[in-house]
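One structure is given here, and the rest of the page talks about it.
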Amino acid sequence: MRNDLVVHPPLVLDRSARAPLTRQIVTGVRGLIEAGTLAAGDALPSTRALAATLGVARGTVVTAFDQLEAEGYLVAARGSGTRVAQIAARGPGRRQQARPGHSSEAPAGGLLDLRPGHPDISAIDSAPWRRAWREALSSPGASTDPAGLAALRSEIAEHLRLMRSLVRPPDQLLITAGAREGLALALGALSALRRSSGRGGEPGRLGIGVESPGHPALSLLPAALGHQTIELATDGGGLVTDRLPDAASLDAVIVTPSHQYPHGGVLSVRRRQELLAWAQAGRVLVIEDDYDSELRYVGMPLPPLAALDDPDQGCVLMLGTFSTVLSPALATGYAVAPPALLGPLLDHRRALGPAASAITQQALAGYLASGELRRHIQRMRRRYRSRRRIVMDRLAAVPGGRLAPLVSGLQAVVLTDAPGARIVEAAGARGVLVGDLAGRWGPAGREQGIVFGFAHVPEAQLRSALATIAAACQDAA
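Next comes the structure, spelled out in structure tokens:
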């Protein structure tokens with residue numbers, strides 16, 4: 001069967017370059033096909049849709065597609081659109097063949113919990129979801145591979161190719177019990193690798209760079225494991241790469257380049273390249289948390305940092321999870337590891353035992369194979385985009401503060417003149433629970449404000465909650 005899901009090529013056009021936009025599109029699509037990011041049989045968006053995404057005239061895309069068809073890279077057929085032709089990929093991600101084809105509930109006490117970290121799980125219960133679990137329950141085989149069920153790893157690899165433009169073989173993937181366990185595995189494996197190589201200071205203790213502000217777990221977990229954490233500066237564009245410390249003081253850095261938490265900044269291509277060059281020169285492992293990168297509402301998401309890394313001699317370990325796109329209750333994720341770290345990772349996996357039950361892994365493999373996860377993500381993007389618009393409209397003028405840019409993710413940030421703790425208290429007194437932004441900074445502390453989730457709340461309830469938040473900001477101003 002052919003793949004009927006439209007694949008949007010991750011093209012970045014440089015309008016300041018001398019090369020015409022048509023040539024840039026031709027070169028970009030050709031490169032994606034040759035690298036294996038676009039596979040034979042993949043359906044491309046219509047020329048009108050791609051032109052709208054890229055912000056160019058439709059004729060520019062038509063001309064580019066005509067050129068690619070003439071070169072044999074694309075094939076157009078009436079009724080089936082434009083697809084990638086049967087061309088062998090030449091890059092490192094070469095494919096051997098084409099792929100056949102919550103609702104929110106108020107907790108006890110009547111409080112509405114808008115603290116961040118909750119997706120809307122109400123749309124998961126679909127026929128393909130139930131069918132995947134029935135089939136898994138009917139043949140609950142056990143996976144003896146410490147890396148996880150081979151079928152699931154293969155489906156995740158295909159999902160990453162289609163949705164994140166990351167081409168990696170399944171044997172570079174490891175199933176985890178979510179991003180936090182993946183991080184713990186990565187740190188344990190890195191510690192073992194450092195001991196065996198004789199690098200580092202105090203045995204077993206690593207120097208870990210963490211973004212500030214950042215997700216609390218990303219700094220609390222390394223500290224709880226006995227490692228030293230070092231704050232890394234961020235701004236509206238994510239990690240500030242020209243303020244990175246001496247690489248000799250660090251063994252790893254934990255970064256969120258596709259959606260910096262909680263501000264939402266996306267790391268530019270230039271900063272990504274600078275980070276990779278710094279890490280490669282200093283032999284520093286870059287741990288990329290790709291936690292909600294697929295939920296982007298403005299423009300096309302950039303591929304993960306790992307996509308820029310050398311697939312064979314790389315320095316990036318990417319962590320992914322199904323918690324944000326499906327449900328945290330699954331407690332299942334994955335790691336995409338550089339080859340040098342696979343051995344230590346598997347040793348730690350064997351010591352800890354399986355990350356998820358065989359039934360869960362089989363059900364997820366079947367669900368991904370059906371293509372339903374990609375369709376589910378597209379549906380949820382539309383739903384979350386609508387709720388994002390409500391947040392932006394209702395908090396466009398916040399008394400004593402401002403709404404930070406909201407381009408992706410499941411949470412919003414309001415930067416305020418008053419301490420966030422005061423607003424948290426005022427909102428809580430009105431029945432709405434939100435988070436204090438101060439808890440996302442390191443000990444030094446900087447900006448103040450609140451952070452709250454909006455994705456899991458029905459729209460009528462969200463409008464009411466936003467009025468409460470605005471009133472709390474006004475009271476605290």
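Under full-length UniProt numbering, the first residue of the sequence shown carries the number 1, and numbering increases by one thereafter.
Note that CB positions come from ideal geometry on N, CA and C, so glycine has one too.
| Check | Outcome |
| --- | --- |
| 7 Å Cβ cutoff met for residue 254 and residue 230 | no |
| Buried versus exposed, by CB contacts within 10 Å (16 or more), residue 362 | buried |
| Reference residue 278; option with closest CA among 293, 312, 291, 242 | 242 |
| Option in 292, 167, 367, 113 with minimal Cα separation from residue 381 | 292 |
| Inter-residue spacing [alpha-carbon to alpha-carbon] between residue 138 and residue 165 | 34 Å |
| N- and C-terminal bounds of the alpha helix (DSSP H) containing residue 407 | Counting along the chain, residue 407 falls outside any alpha helix (DSSP H), and DSSP gives it neither H nor E. |
| Spatially closest choice to residue 419 from 69, 472, 457, 462, by CA coordinates | 472 |
| Other residues of its chain near residue 104: CB distance less than 6 Å, five sequence neighbours each side excluded | With a pLDDT of only 43 at residue 104, under the threshold of 50, the placement of this residue in the model should not be trusted, and no figure is reported. |
| Rounded C-alpha distance that separates residue 32 from residue 466 | 43 Å |
| Supposed close pair residue 252, residue 206 - CB separation, criterion 8 Å | 6 Å |
| Separation of residue 188 from residue 351, as counted between CA atoms | 11 Å |
| Local Cβ density within 10 Å of residue 378, reported as buried at 16 or more and exposed below that | exposed |
| Cβ shell of residue 392 (< 8 Å), same chain only, five flanking positions each side left out | 403, 406 |
| Assigned secondary structure, residue 68 (DSSP; H/G/I helix, E/B strand, else coil) | helix |
| Contained beta strand (DSSP E) runs [length at least 3] in the segment 322 to 365, N- to C-terminal order | 333 to 336 |
| Assigned secondary structure, residue 299 (DSSP; H/G/I helix, E/B strand, else coil) | coil |
| Cα-Cα separation between residue 347 and residue 182, rounded to whole angstroms | 13 Å |
| Local conformation of residue 57 per DSSP, three classes | coil |
| Residue 16 to residue 237 span [Cα, whole Å] | 21 Å |
| Touch test, the segment 143 to 155 against the segment 169 to 186, Cβ-Cβ under 8 Å, three pairs minimum | yes |
| Cβ shell of residue 301 (< 6 Å), same chain only, five flanking positions each side left out | 293 |
| As assigned by DSSP and simplified to three states, the class of residue 372 | helix |
| Validate contact between the segment 19 to 36 and the segment 298 to 315 using beta carbons, cut 8 Å, 3 pairs | no |
| Endpoints, alpha helix (DSSP H) assigned at residue 184 | 179 to 197 |
| Spatial neighbours of residue 185 in its chain, beta-carbon cut-off 8 Å, leaving aside the 5 residues before and after | 174, 176, 335, 345, 348, 349, 352 |
| Cα-Cα separation, residue 324 to residue 460 | 22 Å |
| Residue environment, residue 337, which counts as buried when at least 16 other CB atoms sit within 10 Å | buried |
| When 178, 248, 235, 451 are compared against residue 208, the one with the closest alpha-carbon | 248 |
| Three-way DSSP call (helix, strand, coil) for residue 461 in this model | helix |
| CB of residue 452 within 7 Å of CB of residue 111, strictly | no |
| C-beta contact flag for residue 82 and residue 50 at 7 Å | no |
| Same chain only: Cβ atoms within 6 Å of residue 368, ignoring 5 sequence neighbours per side | 155, 159 |
| Cβ separation of residue 213 and residue 259, assumed to be a contact under 8 Å, to the nearest whole Å | The pair is not a contact, with the Cβ atoms about 13 Å apart (cut-off 8 Å). |
| Candidates 372, 395, 389, 432: closest to residue 5 by CA position | 372 |
| Rounded separation between residue 12 and residue 54 - CA only | 8 Å |
| Which of helix, strand or coil DSSP assigns to residue 124 | coil |
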